[in-house]
Amino acid sequence: MALIGVFDSGVGGLSILDEAMLRLPGHNYIYLADSLHAPYGEKTSAWIASRSMALCQHLAALGCDVIVVACNTATAQAIADIRSQLTDTPIIGVEPGIKPAAMQSFNGIVGVLATEATLNSDKFNALLATLPEHCRFIKQSGAGLVPLIEAGQADSAATLALLAEHLKPIQSAGADTLVLGCTHYPFLKNVIRQLLGDTITLVDTSEAVVKQLNRQIESLLRPSKQPTQDGSTTIGTVVFISSKDETTLLSMAKDLMTTDLAGHVVSAQRLGELA
Ligand code: DGL
């Protein structure tokens with residue numbers, strides 16, 4: 038059984054944790070939400086890099102065998118530094134799925150909704166430069182969406198109105214594919230479908246990230262999914278840690294995730310001072 042650390046600026050990484058617990062239930066998880074400081078997307082590169090480093094160091098000190106930086110913004114701004122510091126712990130990041138989107142798009146027009154910090158990062162722009170020129174990417178910052186999702190308003194009228202504004206350039210360009218380039222945005226799928234209809238392809242990378250996580254932990258150890266004597270399978274623990282309010286984090290996890298947390302040993306903690 039591996040101990041897997043999953044970190045995000047807030048509740049967005051729950052979209053990755055959900056996929057991970059669905060596909061890899063026989064492991065223990067720590068989910069670390071830095072909701073006190075969300076959104077990261079409008080902060081400076083230096084701040085994002087140093088805070089992300091401190092939180093990953095904390096997860097490594099808690100004994101995580103592998104860490105998922107379940108935040109596009111932190112991955113874009115900090116993953117190279119984190120990997121160079123935490124050399125004993127495999128670090129998995131998330132990036133906007135512009136490559137699969139380019140392959141799936143029929144008309145070659147792809148919208149990319151992500152944070153300002155992700156869209157402006159060297160890492161994202163280097164990835165963009167590797168893609169075929171015939172594909173046109175309409176980049177749009179989702180400013181203001183993360184605070185609404187953090188406040189439990191993913192399906193609200195305010196979110197619908199803000200998203201309608203953000204999606205206008207993508208819609209008027211005629212995009213047939215939209216990349217959800219922030220782990221918070223999969224929680225907006227209902228609202229996005231209301232605005233853009235059912236035909237647009239939505240690309241989110243949680244499945245690909247979890248496949249990579251699976252490969253990583255298989256190379257570390259064998260998961261404990263052996264049937265127990267009563268025929269059920271062994272399930273792991275999940276610890277939810279928040280820098281803001283662990284009770285709210287836990288109740289949002291129950292609301293936002295499709296995984297039935299009642300079948301797991303769940304606890305919640307407040308993040309203390311970092312060393
Ligand atoms: N969930 C994050 C991401 O994937 C961060 C959003 C934010 O805090 O601005 O980019």
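Numbering (this note's numbering), first residue to last: 38 to 312.
C-beta atoms are modelled at their ideal positions from N, C-alpha and C, and glycine is treated no differently.
At a threshold of 7 Å, H301 does not count as near ligand 1, since its beta carbon sits no closer than that to any of the ligand's heavy atoms. Note: A70 is bridge-paired with D45, S279 in the DSSP secondary-structure output.
In the three-state DSSP reduction, N157 falls in the coil class, being neither helix nor strand. Listed in chain order, the beta strand (DSSP E) runs fully inside the stretch 85-148 are 103-106, 128-130, counting runs of at least 3 residues. The stretch 223-238 and the stretch 154-169 do not touch, with fewer than 3 CB-CB distances between them shorter than 8 Å. Exposure of S304 is indicated by the presence of fewer than 16 other C-beta atoms within 10 angstroms of its C-beta. With a threshold of 16 other beta carbon atoms within 10 Å, H95 meets it and is buried. In the three-state reduction of the DSSP assignment, Q306 falls in the strand class, which pools E and B. In this structure, the alpha-carbon of S256 lies about 32 Å from that of R307. The beta-carbon separation of V216 and G134, rounded to 5 Å, stays under the 8 Å limit for a contact.
Annotation for Q253: no beta strand (DSSP E) segment contains it, though the alpha helix (DSSP H) segment containing it runs 243-257. Counting every other CB atom within 10 Å of its CB across the protein chains shown gives V302 a total below 16, marking it as exposed.
Following the DSSP letters along the chain, one finds I237 in no beta strand (DSSP E), marked with neither H nor E. Taking 8 Å as the cut-off, the beta carbon of A75 is found closer than this to the beta carbon of S46.
Taking a C-beta distance under 8 Å as the contact criterion, I128 and T110 do not qualify as a contact pair. The Cβ-Cβ distance between C93 and L123 falls below 8 Å. Per DSSP, S52 is not a residue of any beta strand (DSSP E); the alpha helix (DSSP H) it occupies stretches across 51-60.
T196: not part of any beta strand (DSSP E); member of the alpha helix (DSSP H) spanning 194-209, first to last residue. Per DSSP, the continuous alpha helix (DSSP H) segment holding I186 begins and ends at 182-187. Within its own chain, the residues whose Cβ lies closer than 7 Å to the Cβ of K281, once the five positions on either side in sequence are excluded, are S72, L73, listed in chain order.
No residue range can be given for L311, since it is assigned to no beta strand (DSSP E) and is classified by DSSP as neither H nor E. The beta-carbon distance between M90 and A107, rounded to whole angstroms, is 16 Å. This is too long to meet the 8 Å contact definition.
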